[in-house]
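Counting from 1 along the sequence shown, just add 29 to a position and that's the residue number in our numbering. Glycine included, each C-beta is placed from N, C-alpha and C at the ideal position. Given the structure is predicted, the values throughout are model-derived calculations rather than measurements.
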Amino acid sequence: MSRLFAVLRPVALSCLAALSLQCGGPTRSPEATPSAGVIRTELIETAPQAKNDSYKPVRKPELKLDLASREYLLRYGQTVCAKGVEAARALQGPASFTDENAPVIAVVYGEDGRRAAHHRADAPDTAITRQLETAAAEVCSAKKSGGQLHLMVVTYTGRFPNFGVKGMFDYKVFEPQVYGLAVEYAGKRVEYDPVLQTELNHGPKSMRKAINKQLGAPIDLFTNENNLIVEIYKVAHFGERRSDSAFADFHRGHTILKPEAVDKALVRQRIDLIGEWYRNNVFGGEVVYEYSTAGGKYRNEERTMVRALMATWILNRLAFFLDDQQLKDLGEEVIEHYLDTYFQIEASRVAGKIQPSGIVLPNGNTVPNRYTAGSFLGAAILERDDHARWARDDRMLMEWAMTFQRPDGILWTQFPQSQYFMPGHLMLSLAYHDEKVGDPAYKQWLDSVYDAYETPVYMMLDLADRRFHPLAPAWFTQPAAVLYHKTKDNRYRDFIYAINDHVVELHDHNRRHMVHYDYDGILTPKLGYYGNTSVTAAALESLADAAIVAKADGDMDRYKRYLTVVRHATAYLFRIQFTPDNTYYIQHRERVVGGFKSDMVNSVSWMDNVWHFTSALIKIHDHDLLADAPVAEPL
């Protein structure tokens, strides 16, 4: 049994307990989300280094610890806890290790996802191993109770007068969840190590707000107080992997994953994990909208209609890809839920056309303004092998969606920016219907929408720079790819290439300017972002479809260029997935395993982060795209 699935097994069993299993009948989702919250971790408080609030900087070279040295230090800490200091001192260190002076932070995480203990050893002019002895001794009792030991060796420290928000945060002198941050003011020091920032879901703004609160300041100290002393420090973070206690390196709280390590087997494992996420995140016939790992709170009041139906579509696609009966049952339940609540399906059947319900979501969404919720529900139905049972309902949904088309072919949208998305939503569903149902009406409708939007997209590409592409490029690439494979008309091929050549340009530009290794693979259109998962996943799915088209077209140069980005973007998204090994710091981890952080510094689990990437992964898996995917040339 693989390490991943050895950990998955208890998760799967807990999932079964969460589902209502009717004897001999289908799986049904629980009516309500769990109510248990989380217990917040206390921040680290230590004595100020500058007792009189004086500013005393000392610049030292950054400490380098190679892999052998990091493995040795973890063994050292483990031995301190298991056998004592003398046994640890008897260990033979690697030739590359030099026992320089540096602070050490030791943390032990319990099985419940909480910090069972932590300690920072920071005695002046003290070697790493001696600091480690002190830090480990403070957490050993928690370690002996079965927790995982994590170590952070401070490799570089910068101490600054207060340069303000722009000087230290906006320009990324401080990198959240990578660098530690300590502030000294009025005889007090508060500190957030990098993993504590991850636990509490702190980015740059929330970090400053938390520090102001901890220091009891009624004002923003970073904007208004000259006497603030700011300490920013780098760490080498390594420790025991949750699944087997083996050594692992960590960055931004998650295990390190490089593009070259991504292959088809890993893709399949991660798809299986997404299945676990869906099993644990359907309640009352709806997929969870958002969940805060730091607060333990569900945020379903933020639900949007179209995203809810996107998640329904991919739940059903995933269920049949995995051939998983529990997921199939949940997929059916969710389809029936929305047919009833959004589309009053019984009344619609009597009327012979869709009678949208008058339901208004807390965010103001109404069914008549969200017609692509209907087209996504139709797409969800077509993912099932029993889709014929809803054939009449499906047809009514698609006919209703097409009533929003103007005589010039443009689709009405409540908000102009939705022109980037909703026409593509409808085109994709129409393309699926043309493939699976074969009714000529679907092809006619698809052509009428495509013809209306192809030229405007080209003109935007003409006017913008080479990094620009339509928001969520997959919405235009996917239906065009279906049309290309069906017709072999180069019109669709050229449209796909025009969009996705720009996506490659964006990736290459972002990669050349990445701040840390984990920025590699981000496909968001603006530098300085932290890699929005949904936006990156949408661009990745676009590239996956484009690569399949390029191979069919015989354009192997484009095929390789597209696949290079597919590899790097897949690795990026895997790094921020909540795997068993990446949830050591999360309470109630069964709520998020298989899902994704919203970006590198935001651990909110959002349905939109799951579904686009799931669709892309299934294509990457089924077409074995990673087998041909190069690794980008070193920078």
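Compute the beta-carbon to beta-carbon distance between Met636 and Arg281, rounded to the nearest angstrom, for a pair I have assumed lies under 8 Å.
The Cβ separation is near 23 Å, so there is no contact.
Are Asp423 and Ile439 touching if we call contact CB-CB under 7 Å?
The beta carbons of Asp423 and Ile439 sit no closer together than 7 Å.
Let me know if Phe203 comes out buried or exposed under the rule of 16 or more other beta-carbons within 10 Å of its beta-carbon.
Phe203 should be labelled buried.
Looking at the structure shown, is Glu305 part of a helix, part of a strand, or coil, going by DSSP?
Reduced to three states, the DSSP call for Glu305 is helix.
May I ask you to report which of helix, strand or coil DSSP gives Lys465?
Helix, per DSSP.
Find the nearest neighbour of Thr62 within the set Leu552, Gly314, Thr643, judged by alpha-carbon distance.
Cα-wise, what sits closest to Thr62 is Gly314.
Does the Cβ of Asp468 have 16 or more other Cβ atoms within 10 Å, making it buried, or fewer, making it exposed?
With fewer than 16 Cβ atoms within 10 Å of its Cβ, Asp468 is classed as exposed.
Measure the alpha-carbon distance for Arg218 versus Pro190 and round it to whole angstroms.
Take the alpha-carbon of Arg218 and the one of Pro190: they are about 14 Å apart.
Beta-carbon within less than 6 Å of Arg188's beta-carbon, same chain only, minus the 5 sequence neighbours each way: which residues are those?
Within the same chain, and ignoring the five residues on either side of Arg188 in sequence, the residues whose Cβ sits closer than 6 Å to its Cβ are Pro86, Glu260.
Quick one, are the C-beta atoms of Val594 and His536 less than 7 Å apart?
Yes, Cβ-Cβ distance for Val594 and His536 is below 7 Å.
Check whether the segment 424 to 437 touches the segment 374 to 383, taking contact to mean three or more Cβ pairs, one atom from each stretch, closer than 8 Å.
Cβ pair count under 8 Å is three or more, so yes.
Please report the residue range of the alpha helix (DSSP H) in which Glu100 lies.
Its alpha helix (DSSP H) spans residues 96 to 111.
Indicate the three-state DSSP secondary structure (helix, strand or coil) for Phe405 in the structure shown.
Here Phe405 carries a helix assignment [DSSP, helix/strand/coil].
Element boundaries [alpha helix (DSSP H), containing Phe431]
Checking the sequence, you will find Met at residue 431 rather than Phe. Counting along the chain, the alpha helix (DSSP H) containing Met431 begins and ends at 420 to 431.
Is the distance from the Cβ of Asn309 to the Cβ of Glu60 below 7 Å?
Cβ distance not < 7 Å, so Asn309 and Glu60 don't count as in contact.
Which runs of the alpha helix (DSSP H) fall wholly inside the segment 173 to 237 and span at least 4 residues, in chain order?
223 to 228, all fully within the segment 173 to 237.
Please classify Gln446 as buried or exposed, where buried requires at least 16 neighbouring CB atoms within 10 angstroms.
Counting Cβ neighbours within 10 Å, Gln446 comes out exposed, since fewer than 16 surround it.
Can you tell me where the alpha helix (DSSP H) with Tyr262 in it begins and where it stops?
From DSSP, Tyr262 is part of no alpha helix (DSSP H) but of the beta strand (DSSP E) over 258 to 269.
When the Cα atoms are used, what is the spatial distance from Ala371 to Asp549?
According to the sequence provided, residue 371 is Tyr. The question's Ala does not apply to it. Whole-angstrom Cα-Cα distance: 40 Å.
Going straight from the alpha carbon of Thr562 to that of Asn256, what length do you get?
A direct Cα-Cα distance of roughly 38 Å separates Thr562 from Asn256.
Please classify Met488 as buried or exposed, where buried requires at least 16 neighbouring CB atoms within 10 angstroms.
It is exposed - the Cβ of Met488 has fewer than 16 other Cβ atoms within 10 Å.
Residues near Ala277 by beta carbon distance below 6 Å, same chain, minus five either side:
For Ala277, the CB contacts under 6 Å within the same chain, skipping 5 residues up- and downstream, are Arg270, Thr284 in chain order.
Exposed or buried, what is Val660 when buried is set at 16 or more other beta-carbons lying within 10 Å of its beta-carbon?
The residue in question, Val660, is exposed, as its Cβ has fewer than 16 Cβ neighbours within 10 Å.
Measuring straight from C-alpha to C-alpha, what distance separates Lys93 and Gln177?
Roughly 24 Å separates the two Cα atoms.
Give the DSSP bridge partners of Asp278, in chain order.
Answer is Phe267.
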